[in-house]
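To keep things clear, I will list the structure first and then write my remarks on it.
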Amino acid sequence: MRGLLRTFAASIKKMSSFAVRAGLSVTDVLSAERQVLLVGKQKQLKVLNFENGLKSKLADCVSPKLWQQALSSLSAKSSCSVPLHLNLAKVISVPDEVSRHNAPSNAIAIFKEVKATSRPEGVKNVSVVLYSDITDVFASVAAISRCFPLYDRHTKVNCPLEKVDVEVVVPGPQKLSDADVNFLQTLCDSVRTAARMIDTPCNELHTEAFADEAITFVGKLSGVTSTIIKGQDLLKQGFGGIYHVGKAAAHPPIFACFSYKPSGATQTYALVGKGIVYDSGGMSIKSKTIMPGMKEDMGGAAGMLSSFYTLVKSGFNQNLHCLLCIAENSVSPEANLSKSDSLQRFDVAAVQTM
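Residues in the sequence shown are numbered from 99 upward in steps of one, following the numbering used here.
Here's what the structure looks like:
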């Protein structure tokens with residue numbers, strides 16, 4: 099197990115660091131080793147003063163005339179991007195208006211555009227300058243963090259990405275405080291951690307490895323207690339549902355509960371996450387087109403664990419519990435959950451599998 103965790107650590111160490119800061123930095127400027135992405139809604143980008151920091155950020159490689167030409171070519175109705183200076187700089191614009199079913203931030207469009215941006219050869223660092231209203235910062239920064247995953251198993255990378263800096267520029271009188279920046283940094287770290295867990299295949303992140311990862315992750319927090327119930331102990335303590343779903347796998351099913359109870363708390367909240375590290379479908383086996391993506395079936399648990407970490411580290415002042423139901427739904431000649439089997443859940447309800 100320790101060797102497996104060392105493998106995870108080695109993988110992460112190769113990946114880029116990710117830092118959030120407030121305001122435009124004129125020290126980390128465009129160069130052969132640094133790409134600059136200017137991201138925002140069109141209404142934000144159109145009113146930028148090119149001479150107020152942007153010219154220096156782009157290292158005088160972009161003229162005011164070229165900047166205006168780039169802005170004039172932006173589409174008003176759809177997301178788009180305009181490359182500048184050999185693609186070392188890029189303007190990424192998302193629409194001001196969104197459909198009634200979309201978030202006002204249009205963060206999904208930001209994610210798609212930044213994710214699709216290619217990195218020129220030799221670039222080791224990326225500066226993402228986000229121009230955003232204060233109300234859209236949370237979703238937009240989280241979307242950007244998703245574009246730079248931690249998990250990677252590529253054996254040959256000519257020029258690995260070393261650092262990503264997200265510089266958040268908020269127009270108007272309201273600015274980001276130090277507490278805001280710290281929260282955004284914690285949020286991004288948690289988003290990337292959750293994504294790494296989801297990206298990791300089941301032969302590396304099996305049930306026991308996932309539980310160990312969770313324990314190590316929340317171990318960075320103070321005031322958190324843990325309850326771990328594993329294997330046959332689940333059945334003895336009445337957790338029939340989790341036990342029977344995971345009993346056929348090589349690694350045992352696990353129930354993990356992390357609790358945070360700050361003094362003065364008056365309310366209690368629970369975050370419950372599905373942690374099926376791989377779902378073959380069991381005896382009702384899934385098809386060949388659905389099966390490959392089933393390592394993602396623990397995404398709920400990864401998301402709740404990261405949310406718990408973010409809330410506690412950011413000073414949440416109410417009782418908070420994170421419950422992870424971890425198992426691998428597999429097939430085995432010794433132990434299977436067959437159709438029509440009856441099992442007893444923790445809430446005393448009898449359930450028949452169909």
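We put the CB at the ideal spot given by N, CA and C, even for glycine.
Start and end residues, beta strand (DSSP E) containing residue i
{"i": "Cys355", "result": "Ile352 to Tyr358"}
{"i": "Cys178", "result": "Cys178 to Leu182"}
{"i": "Lys188", "result": "Ala187 to Val192"}
{"i": "Ala157", "result": "Looking at the DSSP string, Ala157 is not in any beta strand (DSSP E), and its letter there is neither H nor E."}
{"i": "Val322", "result": "Val322 to Lys328"}
Per DSSP, the bridge partner or partners of residue i
{"i": "Cys423", "result": "Phe353 and Lys372"}
{"i": "Leu223", "result": "Note that residue 223 is Asn in the sequence shown, not Leu. Beta-bridge pairing links Asn223 to Arg132 and Lys261."}
{"i": "Ile383", "result": "In the DSSP output, where bridge partners are listed per residue, Ile383 has none listed."}
{"i": "Ser115", "result": "Lys261"}
{"i": "Val255", "result": "Answer is none; Val255 lacks a bridge partner."}
{"i": "Asn417", "result": "Thr366"}
{"i": "Tyr229", "result": "Gly138 and Val267"}
{"i": "Val124", "result": "In DSSP, Val124 forms no bridge with anything."}
{"i": "Asp377", "result": "Asn427"}
Residue environment, residue i, which counts as buried when at least 16 other CB atoms sit within 10 Å
{"i": "Phe116", "result": "buried"}
{"i": "Lys359", "result": "exposed"}
{"i": "Ala448", "result": "exposed"}
{"i": "Ala187", "result": "buried"}
{"i": "Gln365", "result": "exposed"}
{"i": "Arg104", "result": "Legend: pLDDT at Arg104 = 49, less than 50; position of this residue unreliable, value from coordinates given subsequently. So Arg104 counts as exposed."}
{"i": "Asn204", "result": "buried"}
{"i": "Ile242", "result": "buried"}
{"i": "Ile313", "result": "exposed"}
{"i": "Cys286", "result": "buried"}
{"i": "Lys163", "result": "exposed"}
{"i": "Lys155", "result": "buried"}
{"i": "Ala107", "result": "With a pLDDT of 48 at Ala107, under the threshold of 50, the predicted position of this residue should be treated as unreliable, and no value is reported."}
{"i": "Arg100", "result": "Note that Arg100 has pLDDT 49, beneath the 50 cutoff, so the model's placement of it is unreliable and the number below is only indicative. So Arg100 ends up on the exposed side."}
{"i": "Thr305", "result": "buried"}
{"i": "Ser404", "result": "buried"}
{"i": "Lys111", "result": "Low per-residue confidence applies at Lys111: pLDDT is 48, beneath 50, and the placement is therefore not dependable enough to give any value."}
{"i": "Thr291", "result": "buried"}
{"i": "Ser288", "result": "buried"}
{"i": "Lys386", "result": "exposed"}
{"i": "Pro351", "result": "buried"}
{"i": "Val266", "result": "buried"}
{"i": "Gln272", "result": "exposed"}
{"i": "Ala400", "result": "buried"}
{"i": "Ser378", "result": "buried"}
{"i": "Gln330", "result": "exposed"}
{"i": "Gly270", "result": "exposed"}
{"i": "Glu211", "result": "buried"}
{"i": "Glu311", "result": "buried"}
{"i": "Gly317", "result": "exposed"}
Residue i and residue j closer than 8 Å at C-beta
{"i": "Val410", "j": "Leu332", "result": "no"}
{"i": "Lys213", "j": "Cys178", "result": "no"}
{"i": "Cys420", "j": "Ile340", "result": "no"}
{"i": "Phe353", "j": "Phe406", "result": "no"}
{"i": "His342", "j": "Glu426", "result": "no"}
{"i": "Tyr458", "j": "Val137", "result": "Outside the shown range of the chain (99 to 452) lies residue 458, about which nothing can therefore be said."}
{"i": "Tyr376", "j": "Cys257", "result": "no"}
{"i": "Ala120", "j": "Val279", "result": "yes"}
{"i": "Phe308", "j": "Met389", "result": "no"}
{"i": "Ser123", "j": "Leu259", "result": "no"}
{"i": "Leu169", "j": "Leu143", "result": "yes"}
{"i": "Val239", "j": "Leu282", "result": "yes"}
{"i": "Phe337", "j": "Ile326", "result": "no"}
{"i": "Gly398", "j": "Lys372", "result": "yes"}
{"i": "Val63", "j": "Ile296", "result": "Outside the displayed span of the chain (99 to 452) sits residue 63, for which this structure offers no information."}
{"i": "Gln416", "j": "Tyr367", "result": "yes"}
{"i": "Lys139", "j": "Asp194", "result": "yes"}
{"i": "Ser171", "j": "Thr284", "result": "no"}
Whole-number beta carbon distance between residue j and residue i, since they are thought to touch under 8 Å
{"i": "Val221", "j": "Glu302", "result": "With 8 Å as the limit, Val221 and Glu302 do not qualify as a contact, their Cβ atoms being about 29 Å apart."}
{"i": "Val429", "j": "Ile383", "result": "7 Å"}
{"i": "Ala207", "j": "Val227", "result": "With 8 Å as the limit, Ala207 and Val227 do not qualify as a contact, their Cβ atoms being about 17 Å apart."}
{"i": "Ser225", "j": "Val118", "result": "About 12 Å; that fails the 8 Å criterion."}
{"i": "Ala201", "j": "Pro247", "result": "Contact doesn't hold; Cβ gap of about 22 Å is too wide."}
{"i": "Val160", "j": "Leu182", "result": "5 Å"}
First and last residue of the uninterrupted alpha helix (DSSP H) at residue i
{"i": "Phe246", "result": "Taken as a continuous stretch (DSSP letters only), Phe246 belongs to no alpha helix (DSSP H), as it is neither H nor E."}
{"i": "Ala293", "result": "Asp276 to Asp297"}
{"i": "Thr408", "result": "Gly397 to Lys411"}
{"i": "Gln335", "result": "From DSSP, Gln335 is part of no alpha helix (DSSP H); its letter is neither H nor E."}
{"i": "Asp250", "result": "Per DSSP, Asp250 belongs to no alpha helix (DSSP H) and is neither H nor E."}
{"i": "Thr305", "result": "Thr305 to Val316"}
{"i": "Ala347", "result": "It is not in any alpha helix (DSSP H) - Ala347 carries neither H nor E in the DSSP assignment."}
{"i": "Ile208", "result": "Ala205 to Lys213"}
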